[in-house]
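All residue numbers for the sequence shown refer to my numbering, where the first residue is 205 and numbers rise by one.
Beta carbons: idealized from backbone N, C-alpha and C, even for Gly.
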Amino acid sequence: MNQPVPPTEIHQPDAIHLVVLTGMSGGGKTVALRALEDLEFYCVDNLPTALLPELVAAVSHGSAPGKRRNIAVGVDVRNRGEDFLRMPTVLSELAAVGVQVHLIFLDCRDEVLIKRYSETRRRHPLSALGLSLADAIMEERKLLRPLIAIAEKVIDSSELNVHQLRRLVATDYAEATEGLTLMFQSFAFRRGLPLDADFVFDARCLPNPHWEPRLRPLSGKDGPVREYLESQPLVEEYFNDTVRWLDAWLPRFEADDRSYVTIAIGCTGGRHRSVYLVERLAAHYRARHEGALTFHRELE
205 MNQPVPPTEI HQPDAIHLVV LTGMSGGGKT VALRALEDLE FYCVDNLPTA
255 LLPELVAAVS HGSAPGKRRN IAVGVDVRNR GEDFLRMPTV LSELAAVGVQ
305 VHLIFLDCRD EVLIKRYSET RRRHPLSALG LSLADAIMEE RKLLRPLIAI
355 AEKVIDSSEL NVHQLRRLVA TDYAEATEGL TLMFQSFAFR RGLPLDADFV
405 FDARCLPNPH WEPRLRPLSG KDGPVREYLE SQPLVEEYFN DTVRWLDAWL
455 PRFEADDRSY VTIAIGCTGG RHRSVYLVER LAAHYRARHE GALTFHRELE
């Protein structure tokens with residue numbers, strides 16, 4: 205068996221952010237892990253604690269000089285036994301040699317967890333012990349006490365849907381990524397402006413697919429709506445002008461050490477024009493190697 209790699213063998217430790225995601229089963233750990241994956245974190249789920257230094261060392265050895273690397277690891281009750289007791293020591297050792305360690309605990313109220321399991325018909329990881337769902341949740345809380353006690357951040361997902369949780373995690377940890385992370389958000393003006401938007405664009409001047417009966421039930425993600433909008437010269441002009449404006453001003457934000465910018469695009473109902481533009485802009489900036497996420501407020 206390979207011996208664990210000592211933390212002292214990690215190259216460029218101060219260039220590595222290690223996010224450990226743990227918490228209650230059904231609390232949203234998988235959603236949070238995918239949000240970090242969208243931010244180009246190297247993600248591993250259910251990694252034994254003893255292998256954490258080895259993973260960090262392997263990533264650090266594979267990094268180019270001066271390049272920051274980010275790792276996200278999921279830990280849950282499948283790693284039960286000594287793993288939870290050893291985790292605080294291992295994370296302390298990594299932090300002591302300069303690794304930027306973050307422990308996030310995903311919590312959720314018991315009644316919400318029970319409802320989620322009932323709706324999805326999934327089995328709780330501890331159900332194999334012959335416990336009822338309520339008893340399994342209680343036992344899980346006991347096992348996770350050593351981790352919640354040292355968590356940098358506790359997120360209660362009881363009132364969050366998957367999209368809100370994903371966005372919350374992405375916003376908090378975008379600063380660990382290189383370059384500027386962009387959140388493109390669609391919305392309906394009739395439901396009010398997004399309060400966290402840095403820039404707001406109004407697409408209500410564009411041809412509206414809502415008035416086409418065959419397109420009305422669809423969204424800007426659907427092919428027929430995309431084809432309709434792409435056939436409109438005014439939409440192409442709007443898209444190109446928006447890109448030129450963003451290209452001119454986003455570098456100013458990046459130069460000012462901003463790590464996260466939210467660009468909101470609104471239309472009347474928030475389903476067609478704004479959704480289409482958000483998806484197209486995000487794809488455009490991803491192709492240019494910039495982090496770009498999407499959120500459709502009226503579709504969630």
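Top-ranked residue by Cα proximity to residue i, from the options
i: M387; options: R484, G232, V223, R456; result: R484
i: Y464; options: M342, T385, V248, C409; result: T385
i: L225; options: C409, V248, N365; result: V248
i: G470; options: A487, E434, F405; result: F405
i: D402; options: I467, R320, G278; result: I467
i: P398; options: K346, H500, W449; result: H500
i: G227; options: D242, F457, K357; result: K357
i: Y505; options: E431, R492, A340; result: Residue 505 is absent from the model: the chain starts at 205 and stops at 504.
i: P350; options: I308, E504, T324, R325; result: I308
i: Y246; options: N274, T234, V235, A300; result: N274
i: P252; options: F288, V316, E504, A262; result: F288
i: D314; options: V429, N250, I341; result: I341
i: D451; options: G424, E441, R492, A276; result: R492
i: E241; options: A276, A299, S423, E323; result: A276
i: L510; options: Y321, M291, L364, S296; result: It is not possible to answer for residue 510, since the shown part of the chain is limited to 205 through 504.
i: H488; options: V447, P455, A459; result: V447
Strand pairing of residue i, partner residues [DSSP]
i: A274; result: With the sequence shown as reference, residue 274 is identified as Asn, and Ala is not the correct amino acid for it. Paired residues: H221.
i: G495; result: T385
i: F391; result: G470
i: H500; result: S390
i: Y246; result: I275
i: Y464; result: T385
i: F403; result: I467
i: T226; result: F309
7 Å Cβ shell around residue i - same chain, five flanking residues per side excluded
i: L438; result: L410, P411
i: G270; result: Model confidence at G270 stands at a pLDDT of 49, short of 50, so the residue's coordinates are unreliable; what they give is reported in the following sentence. Closer than 7 Å at the Cβ level, and outside the excluded window around G270, lies no residue.
i: R507; result: Not covered by the structure: residue 507. The range shown for the chain is 205 to 504.
i: R462; result: L384
i: E504; result: N365, H367
i: Y321; result: G230, H328, L337
i: L422; result: P428, V429
i: V263; result: I220, Y246, R273, I275
Cβ shell of residue i (< 8 Å), same chain only, five flanking positions each side left out
i: P472; result: The residue you asked about is not Pro; residue 472 is Thr in the sequence shown. Here the set comprises A392, F393, R394, R408, N412, H414.
i: E343; result: L330, L333, L335
i: A486; result: L386, F388, A496, L497, T498
i: Q436; result: L410, P411
i: I318; result: L337, A338, I341
i: R234; result: Arg is not the amino acid found at residue 234; the sequence shown has Thr there. So the list reads D249, G278, once near-sequence residues are dropped.
i: R345; result: M228
Contact belief for residue i with residue j at Cβ below 8 Å, rounded distance in angstroms
i: H221; j: Q304; result: 4 Å
i: Q389; j: V482; result: 7 Å
i: S361; j: G232; result: 4 Å
i: E502; j: R475; result: 6 Å
i: V260; j: L310; result: Actually they do not touch by this definition, with Cβ atoms about 22 Å apart.
i: Y377; j: L243; result: 7 Å
6 Å Cβ shell around residue i - same chain, five flanking residues per side excluded
i: P329; result: S229, V281, R282
i: A239; result: R370, V373, A374
i: A353; result: none
i: C312; result: M228, G231, S361, S362
i: V294; result: T253, L256
i: H306; result: V223, E356
i: D400; result: T466
i: I359; result: L310
Cutoff 8 Å: residue i Cβ touching any chain C Cβ
i: A340; result: This model lacks chain C altogether, as it is built from one protein chain only.
Every unbroken alpha helix (DSSP H) within the stretch 293-377, with a cutoff of 4 residues, ordered by chain: 314-324, 337-347, 349-352, 366-377
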